[in-house]
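Novice: Would you mind keeping the following structure in view while I ask a few things?
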Amino acid sequence: KQRNIAHYVGLDLSHALVAEAKKRYDENVVKPFMEEKRQSQMRNRGGQNGQAQVFKAVFVVGDAGDEKNLVDTLLRQEVKDVRLKIGFDIVSTQFAIHYMFESEAKLRAFFRNVSDRLEPGGFFIGTTIDSDELVFRVREFGDSNNSISNDYFHVVLP
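Take 104 as the starting number for the sequence shown in the working numbering and just add one per residue.
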């Protein structure tokens, strides 16, 4: 079942990754939408073709595990008209949850952010590495520095 996206919030600790996400949103969502809208208006002689709209996106640099900067605080800094209580149908954490285990306080703040923002019936989707598989691959295929890499990652084990 296809769902319409009303709002998207991207949060990452890295300025570079947030900038890349914004660039991809502009190139893969906004630009094609505007081109389709322009072509549709030309076919309809300038008329509107229904209710289609591009979903709104906010990209924020921040730490989801920082108890002082909860999601609402970060969003209020970016969007002036944001509601006081922001809820999401989906919260997704991809290859980052292991960073939250830096301390118990950080992990608790992260899960507080998730649970406070997830709407009833919503989904949390998390992906992390398999440490056993990573150690196996470094031992089997790694170099003399206990490292392994490809175009997408570089890992060095102590």
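Idealized CB from N, CA, C, for every residue including glycine. This one's a predicted model, so the numbers in the text were calculated from it and none came from an experiment.
Distance, Cα to Cα, Glu207 vs Glu222?
Specialist: Taking the straight line joining both Cα atoms gives about 24 Å.
Novice: Using CA coordinates, which residue listed in Gly225, Ser218 and Ala167 is at the minimum distance from Tyr202?
Specialist: With distances taken between Cα atoms, Tyr202 lies closest to Ala167.
Novice: How would you label Leu114, buried or exposed, when you count the other beta carbons within 10 angstroms and need 16 or more for buried?
Specialist: Buried, since its Cβ has 16 or more Cβ neighbours within 10 Å.
Novice: Any contact between the stretch 209 to 226 and the stretch 247 to 255? By contact I mean 3 or more CB pairs, one from each, below 8 Å.
Specialist: These segments do not touch.
Novice: Run through the stretch 200 to 252 for me and flag every whole alpha helix (DSSP H) of 4 or more residues, listed as ranges in chain order.
Specialist: You should have 207 to 220 and 234 to 244.
Novice: From Asp129 to Ser143, what does the alpha carbon distance come to, in whole angstroms?
Specialist: For Asp129 and Ser143, the distance between alpha carbons rounds to 20 Å.
Novice: Taking the beta carbon of Phe213 as the centre, do at least 16 other beta carbons fall within 10 Å, making it buried, or is it exposed?
Specialist: The residue is buried, with at least 16 neighbouring Cβ atoms inside 10 Å.
Novice: Grab the span of the beta strand (DSSP E) containing Leu114 for me, first residue to last.
Specialist: Counting along the chain, the beta strand (DSSP E) containing Leu114 begins and ends at His110 to Asp115.
Novice: How about Phe136 and Val157: do their beta carbons lie closer than 7 Å?
Specialist: Contact flag set, yes.
Novice: Look at the alpha carbon of Lys104 and the alpha carbon of Leu210, and state the distance between them as a whole number of angstroms.
Specialist: The predicted position of Lys104 is uncertain, since its pLDDT is 47 and thus under 50; a value taken from the coordinates is nonetheless stated next. Roughly 33 Å between the two C-alpha positions.
Novice: Buried or exposed: where does Gly229 fall if 16 or more other Cβ atoms within 10 Å of its Cβ makes it buried?
Specialist: Result: exposed.
Novice: Which residues share a DSSP beta bridge with Phe191?
Specialist: The partner list for Phe191 (beta bridge, DSSP) reads Leu221.
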